[in-house]
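Just so we're aligned, residue 12 is where the first sequence starts under my numbering, counting upward by one. Beta carbons are placed, not taken as given, at the ideal position from N, Cα and C, and that holds for glycine. The structure under discussion appears below in the form of structure tokens.
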Amino acid sequence: MGGRCRRGNQSNEQTMSILATLRERFRPVLLSLVDSVDDLLEMIRPAQDARFGDYQANLAMPLAKQLRQSPQEVAQRIVDSLQVDDLCERPEVAGKGFINLRLRCDWLVARLEQAVRDERLGIPRVAAPRTIVVDYSSPNVAKAMHVGHIRSTVIGDAIYRTLQFVGHHVISDNHLGDWGTQFGMIIYGYKHFVAEPAYRAQPVRELGRLYKLVQQLIDYHAAVRELPERERQLGDQQAHVAAQRDAHQAHPQDKKLGKILRDAQQQVAETAAKCDELRGKIAAVEHDPQLAALAREHADIERAVLDQTARLHAGDLENLALWHEFLPLCKADMRRIYDRLGITFDHELGESFYHDRLAAVVQDLTARDLARTSDGAVCVFLPEYDTPMIIRKQDGAFLYATTDLATIQYRMEQWQPDEMLYVVDHRQGEHFGKLFATARLWGYDQVTLRHISFGTVLGEDGRPYRTRSGEVVGLEGLLDEAIRRAHAVVADNDDSKPGGPELSAEQRQEIAQTVGHAALKYADLSHNRTSDYVFSYDKMVALEGNTATYMQYSYARTQSIFQRGNVQVETLRTAGHRILLTQDAERDLALELVQFGDALDKSLEDYRPNVLTAYLFSLATKFSRFYQQCDVLRAESEAVRHSRLVLCDLTGRTIRQGLALLGIGVIDKM
RNA sequence: GCGCCCAUAGCUCAGCUGGAUAGAGCAGCGGACUUCUAAUCCGCAGGUCGCAGGUUCGAAUCCUGCUGGGCGUGCCA
């Protein structure tokens with residue numbers, strides 16, 4: 012072969028992703044034609060259709076305009092002076108001026124043979140590592156984690172792992188909600204309602220019950236207060252609808268009136284639903300004599316809870332002691348779930364950590380004239396927003412925004428990051444917009460602050476995912492169910508193996524865990540993070556098509572071949588076997604393998620894990636086809652057999668590595 | 001009212017800063033197990049890319065308007 016060092020000492024091109032390599036080859040050619048070439052280089056991309064080769068450059072068309080020549084002519088000029096003969100076949104100009112590139116087989120082979128010998132599969136570390144803080148998960152420790160926490164946790168973890176793999180200095184920080192009203196609620200609940208034996212037996216469970224109880228009582232009083240106003244509103248809106256209906260009937264063809272009527276009707280429906288909800292909350296308490304009694308005794312519970320919170324924040328010894336007692340319990344409980352998911356953080360600096368810095372933040376912003384008092388609250392007014400960011404309430408309390416500012420300040424002092432990523436749902440977009448704008452005014456204008464937003468997890472009815480009774484779905488139950496279903500499939504498949512079952516009960520259980528957790532994570536990661544997605548157990552654990560299981564299955568097949576063939580993988584890697592790409596399926600697989608780096612680059616471009624899942628799915632598909640069409644162990648010759656074994660090994664390693672970056676594990680046998 | 005987001009095949013979704021005949025998976029139909037795991041593979045069928053204009057050599061992609069939906073909107077996080 013010998014082609015792999017053809018350009019040897021020239022650059023680190025050997026390890027660059029293919030796209031980057033191709034772009035560097037185009038750069039000098041384009042620079043000889045025009046001044047600004049970066050946008051044009053972006054127009055080199057993987058071919059959409061195999062008929063157009065492996066890569067295509069679409070830059071001749073826009074260039075033709077500037078140069079006042081025909082696109083075909085421009086394309087031909089570029090091709091004529093393009094130096095790619097070592098890595099591509101002769102480039103072709105096609106259609107309206109597309110340049111089609113097909114990689115040479117010997118170049119592909121050289122790439123692969125290099126990857127075989129490299130622990131990192133030939134993926135280089137970035138030349139200029141950045142320090143990046145990734146802020147994700149961030150649950151309220153006082154509440155059990157629920158379905159709403161999956162996306163932030165899983166997406167954040169995948170971004171963290173991927174950034175780390177490509178060589179950045181990444182710091183993960185779980186910004187726990189450990190200091191807010193939730194703790195005031197628990198403290199109040201503990202002081203008034205605790206069942207001591209239950210607390211001694213299962214403290215977190217009892218704290219959870221207290222939290223819910225206090226919440227219910229607060230909701231009750233709020234509902235009692237709010238209902239009359241809502242009913243009055245409903246009456247007004249119904250009268251409005253009646254008036255609009257008359258108007259509409261008088262002018263049935265007037266579209267505007269029709270729309271006004273529909274809007275009014277919709278408002279009525281919304282208000283009616285709201286009233287029902289409030290009545291439901293009231294009824295739930297009043298129909299239960301014990302709850303009703305508690306509600307009467309604790310008429311002032313809302314204010315009392317705020318008071319407990321305020322006392323905690325003010326350093327009240329009793330409340331602080333309770334907080335110190337509860338927090339480790341809650342955190343340990345939370346840790347259990349993270350352990351199951353295989354997620355760790357470099358730091359868990361919760362809201363409480365920043366408590367001492369909040370007053371200074373407000374003071375500093377005020378001193379710099381960035382904040383001023385308005386209606387008794389300290390506000391930062393921003394030109395691009397109608398409403399200010401409030402950093403201290405009328406009553407003197409600090410807010411989420413204040414803590415976030417203190418957090419930015421701390422992170423900048425402590426870690427001097429180049430970038431901070433907040434993996435938080437899209438509803439907080441405006442909050443982060445204001446936060447970042449304020450931070451920049453405050454002087455943090457060098458760091459890149461980014462809100463990595465994501466959509467809501469919906470139920471199959473298209474509404475935010477809830478249980479049938481309307482409660483949020485606990486994360487732990489979700490995991491259990493995923494594993495239960497995975498187990499059923501694993502057992503079923505094992506039972507139906509041609510040679511009879513191969514797995515022990517323990518193995519099945521272990522596999523079910525890996526497969527179940529993977530299914531849950533993958534369902535999330537494979538969707539574009541910015542869109543809402545419909546959660547479905549059936550789809551998630553379908554275990555076929557574009558799922559983690561399909562990849563895990565592909566991986567298991569690679570390992571199974573080694574086992575059946577008694578192949579020592581270490582020996583295989585060091586033996587220097589040549590890779591032979593004779594069948595289409597082999598070349599397709601080879602091309603896909605070599606594009607791992609491209610996939611990582613693209614996935615990180617906009618922090619979209621679904622780019623990586625799409626790559627892995629495509630790789631697994633190419634492997635399945637190869638597996639189907641090319642005998643490995645019974646290959647026609649030793650040379651082909653070795654070549655194919657090496658391809659299997661590379662595929663297995665790439666799948667394992669790719670899934671690892673998504674926080675998903677593999678199993679040798681399933 | 002204002003602001004942000006969304007609308008692509010029966011269903012769930014991709015579609016990268018505008019590029020060649022819009023792609024997957026599921027569901028449907030038809031094939032392939034004496035075979036390294038059939039959790040697979042091959043084929044067929046299925047779309048006026050919400051509607052109407054505009055920008056351009058070229059628009060699912062950019063702009064405007066409209067329709068339908070979601071979310072946010074001064075002291076929650």
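In three-state DSSP terms, what is I134? Here residue 134 refers to the residue found at position 123 when the first sequence is read from its first residue. It is coil, neither helix nor strand.
Which residues share a DSSP beta bridge with C390? Taking the first residue of the first sequence as position 1, residue 390 is located at position 379. R383 and I401, per the DSSP bridge assignment.
In this structure, does DSSP put R3 in helix, strand or coil? There is no way to answer for residue 3, as the model of the chain reaches only from 12 to 681.
Below 7 angstroms CB to CB, which residues in the same chain sit around H157 once its five sequence neighbours on both sides are set aside? Position 146 of the first sequence holds residue 157. Here the set comprises V483, V484, G485 and L486.
Quick check: the Cα distance between K404 and L536, rounded to an integer number of angstroms? To locate residue 404, count along the first sequence from 1; it is residue 393. To locate residue 536, count along the first sequence from 1; it is residue 525. If you take the alpha carbons of K404 and L536, they lie about 38 angstroms apart.
So, helix, strand or coil for N621, using DSSP? The residue given as residue 621 occupies position 610 in the first sequence. Reduced to three states, the DSSP call for N621 is helix.
For V643, which residues of its own chain have a beta-carbon under 7 angstroms away from its beta-carbon, when the five flanking residues on both sides are left out? Sequence index remark: in the first sequence, residue 643 carries index 632 (1-based). I572, R652, R655, L656 and C659.
Which residues does DSSP pair with M431 in a beta bridge? Position 420 of the first sequence, counted from the first residue, corresponds to residue 431. DSSP output for M431 lists V144 and L460 as bridge partner(s).
Entirely within the segment 145-212 and at least 3 residues each: give me those beta strand (DSSP E) ranges in chain order. 180-184
Between the alpha carbons of E555 and E581, how many angstroms are there, rounded? The sequence position of residue 555 within the first sequence is 544, counting from 1. The sequence position of residue 581 within the first sequence is 570, counting from 1. For E555 and E581, the distance between alpha carbons rounds to 31 angstroms.
Assign Q606 to one of two classes, buried (16 or more other C-beta atoms within 10 Å of its C-beta) or exposed (fewer than that). The residue you call residue 606 lines up with position 595 of the first sequence. By the 10 Å Cβ count, Q606 comes out buried.
Note down the Cα distance separating L74 from D96, rounded to an integer number of angstroms. Walking along the first sequence from the start, residue 74 turns up at place 63. Walking along the first sequence from the start, residue 96 turns up at place 85. One C-alpha to the other measures close to 23 angstroms.
Spatial distance of H358 from Y147 (CA atoms): Numbered from 1 along the first sequence, position 347 holds the residue referred to as residue 358. Numbered from 1 along the first sequence, position 136 holds the residue referred to as residue 147. One C-alpha to the other measures close to 11 angstroms.
How is R351 classed by DSSP in three states: helix, strand or coil? If you number the first sequence from 1, residue 351 lands on position 340. It is helical.
Burial state of A326, where buried means 16 or more other Cβ atoms lie within 10 Å: Taking the first sequence and counting its residues from 1, one reaches residue 326 at position 315. Per the sequence shown, the amino acid found at residue 326 is Gly instead of Ala. Classification for G326: exposed.
Entirely enclosed beta strand (DSSP E) segments - the segment 66-99, minimum 3 residues: 66-68
Counting C-beta neighbours from all protein chains within 10 Å, is the total for G291 16 or more, i.e. buried, or is it exposed? Walking along the first sequence from the start, residue 291 turns up at place 280. It counts as exposed.
Could you name the residues of the same chain whose beta carbon sits closer than 7 angstroms to that of H462, not counting the 5 residues immediately before and after it, in chain order? Taking the first sequence and counting its residues from 1, the one referred to as residue 462 is at position 451. Taken in chain order, the residues that qualify are Y433, V435, G440 and F443.
How many Å lie between Q457 and L52 at the Cα? Along the first sequence, one-based indexing puts residue 457 at 446. Along the first sequence, one-based indexing puts residue 52 at 41. When rounded, the distance between both Cα atoms is 27 angstroms.
Going by the beta-carbon positions, is the gap between H259 and L272 smaller than 8 angstroms? Taking the first residue of the first sequence as 1, we reach residue 259 at position 248. Taking the first residue of the first sequence as 1, we reach residue 272 at position 261. Their beta carbons are under 8 angstroms apart, which means H259 touches L272 by this criterion.
Do S542 and G470 have their beta-carbon atoms positioned less than 8 angstroms apart in this structure? In the first sequence, counting from the first residue as 1, residue 470 sits at position 459. In the first sequence, counting from the first residue as 1, residue 542 sits at position 531. Result no, Cβ atoms of G470 and S542 do not sit closer than 8 angstroms.
Mark D679 as exposed unless 16 or more other C-beta atoms lie within 10 angstroms of its C-beta, in which case mark it buried. Within the first sequence, numbered from 1, the residue matching residue 679 stands at position 668. D679 comes out exposed.
For D406, count the other beta carbons within 10 Å of its own beta carbon; 16 or more makes it buried, fewer makes it exposed. Which is it? Translated into positions along the first sequence, residue 406 becomes position 395. Exposed, because fewer than 16 other Cβ atoms sit within 10 Å of the Cβ of D406.
Taking the continuous alpha helix (DSSP H) assigned at I666, which residues delimit it? Along the first sequence, one-based indexing puts residue 666 at 655. Start and end: E649 to L672.
Residues that D436 bridges to, as DSSP identifies them: Position 425 of the first sequence, counting from 1, holds the residue named residue 436. According to DSSP, which records beta bridges pairwise, D436 is partnered with F465.
Quick one: residues in its chain with C-beta nearer than 7 angstroms to the C-beta of L323, no 5 flanking neighbours on either side, listed in chain order? Locating residue 323 in the first sequence gives position 312, where the first residue counts as 1. So the list reads F194, G195, I198, N330, L331 and W334, once near-sequence residues are dropped.
Would you report the Cα separation of D318 and I312, rounded to the nearest angstrom? Here residue 318 corresponds to residue number 307 of the first sequence, with the count starting at 1. Here residue 312 corresponds to residue number 301 of the first sequence, with the count starting at 1. Their backbone Cα atoms lie some 9 angstroms apart in a straight line.
Report yes if the CB atom of R598 is closer than 8 angstroms to the CB atom of V127, and no otherwise. Start at 1 with the first residue of the first sequence, and residue 598 comes out as number 587. Start at 1 with the first residue of the first sequence, and residue 127 comes out as number 116. Cβ distance not < 8 angstroms, so R598 and V127 don't count as in contact.
Per the contact definition of three or more C-beta pairs closer than 8 angstroms, is the segment 136-153 in contact with the segment 164-184? yes
Do the CB positions of G64 and A86 come within less than 8 angstroms of each other? For the purposes of this step, residue 64 is taken as residue 53 along the first sequence, with counting starting at 1. For the purposes of this step, residue 86 is taken as residue 75 along the first sequence, with counting starting at 1. Result no, Cβ atoms of G64 and A86 do not sit closer than 8 angstroms.
Could you give the distance in angstroms between the alpha-carbon of A280 and the alpha-carbon of K267? As a working note, residue 280 is residue 269 in the first sequence. As a working note, residue 267 is residue 256 in the first sequence. A280 and K267: Cα-Cα distance of roughly 20 angstroms.
Within the present structure, is the beta-carbon of A75 separated from the nearest heavy atom of the ligand ZN by less than 7 angstroms? With respect to small molecules bound, the structure shown includes none, and the ligand ZN cannot be examined in it.
Using a 10 Å radius around the Cβ and a threshold of 16 neighbouring Cβ atoms, would you call H262 buried or exposed? Along the first sequence, one-based indexing puts residue 262 at 251. Flag for H262 reads exposed.
Spatial neighbours of C16 within its chain, please: C-beta separation below 6 angstroms, excluding the five flanking residues on both sides. Here residue 16 refers to the residue found at position 5 when the first sequence is read from its first residue. Confidence at C16 is low in this model, with a pLDDT of 27, below 50, so the placement of that residue should be treated as unreliable; the coordinate-derived value is given next. If we look at C16 and ignore the five residues flanking it on each side, it has no Cβ neighbours.
Taking DSSP's pairing of strands, which residues face Y544 in a bridge? Along the first sequence, read from residue 1 onward, the residue named residue 544 stands at position 533. Answer is V468, bridged to Y544.
How would you write the range of the alpha helix (DSSP H) that A306 sits in, first residue to last? Taking the first residue of the first sequence as 1, we reach residue 306 at position 295. Taken as a continuous stretch (DSSP letters only), the alpha helix (DSSP H) holding A306 covers P300 to E308.
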